[in-house]
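Peer 1:
Residue numbers (my numbering): -4 to 183.
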């Protein structure tokens, strides 16, 4: 999340990184290459070695299960790569958090899957914000995230999904947001 503060210090905006990050480009590329290689080369090679005679040679039949398995792996890899590329193109999870003191409104915006709910947008009054909450969990699957507690709503996540933020970055963002909104900071 990168913060952008307006010149008159009445608007605070954080951009949230969605699916357009290096790791997703990397894995989509690797899986595309692997899936395409399995699907095209190995499946075509195995199919081309078959003889379509009524009485086949037993040696040729050894390649049928192998070619079928390679083709299925290739199809699965190609479909997974397509899914990953579509998440990158659609920028799933990307958006911004905007807090505007002039209008007294907060806006949380994220991109979702295509359809009638493609744009996920939460609007609420700044006066309804009760606290900024930081959650820290260490271990095998560390979690460092920032939430906003709002009256009548669940806790709203403000940070990206995936790689956890650095502890110092999380502390700075939480303190800056709590100071800007004039609400208490919980969890640190």
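Here a beta-carbon is modelled for each residue, glycine too, at the ideal position from N, C-alpha and C.
(1) How is the beta strand (DSSP E) around residue 14 delimited, first residue to last?
(2) Under a three-way DSSP split, which group does residue 135 fall into?
(3) Below 8 Å on the Cβ atoms is my contact criterion, and I expect residue 165 with residue 153 to pass it. Report the Cβ-Cβ distance as a whole number of Å.
(4) Determine the contact status of residue 87 and residue 108, defining contact as a CB-CB distance below 8 Å.
(5) Check each candidate in 138, 162, 26 and 181 and name the one with the smallest Cα separation from residue 156.
(6) Identify whether residue 123 lies in helix, strand or coil by the three-state DSSP scheme.
(7) Which class does residue 108 belong to by DSSP, given the choice of helix, strand or coil?
(8) Of the choices 159, 150, 160 and 161, whose alpha-carbon is the least far from that of residue 181?
(9) Going by beta carbon distance, what residues of the same chain come within less than 6 Å of residue 35, once the five residues before and after it are set aside?
(10) With distances taken between CB atoms, is the gap from residue 6 to residue 95 smaller than 8 Å?
Peer 2: Taking the definition as stated:
(1) Against the chain shown, residue 14 aligns to sequence position 19. Residue 14 -> no beta strand (DSSP E), and no H or E assigned at all.
(2) The sequence position of residue 135 within the chain shown is 140, counting from 1. Coil, per DSSP.
(3) Position 170 of the chain shown, counted from the first residue, corresponds to residue 165. Position 158 of the chain shown, counted from the first residue, corresponds to residue 153. About 10 Å separates the two Cβ atoms, so there is no contact after all.
(4) As a working note, residue 87 is residue 92 in the chain shown. As a working note, residue 108 is residue 113 in the chain shown. Going by C-beta atoms, residue 87 is nearer than 8 Å to residue 108.
(5) The residue labelled residue 156 in the question sits at position 161 within the chain shown. Closest option to residue 156, Cα to Cα, is 138.
(6) Your numbering for residue 123 matches position 128 in the chain shown. Correct three-state label for residue 123: helix.
(7) By 1-based counting over the chain shown, the position of residue 108 is 113. Residue state, collapsed to three classes: coil.
(8) Reading the chain shown from its first residue, position 186 is the one you call residue 181. Checked all of 159, 150, 160 and 161; the closest Cα to residue 181 is 150.
(9) In the chain shown, counting from the first residue as 1, residue 35 sits at position 40. Excluding residues within five positions, none has a Cβ falling inside 6 Å.
(10) As a working note, residue 6 is residue 11 in the chain shown. As a working note, residue 95 is residue 100 in the chain shown. Remark: C-beta atoms of residue 6 and residue 95 approach each other more closely than 8 Å.
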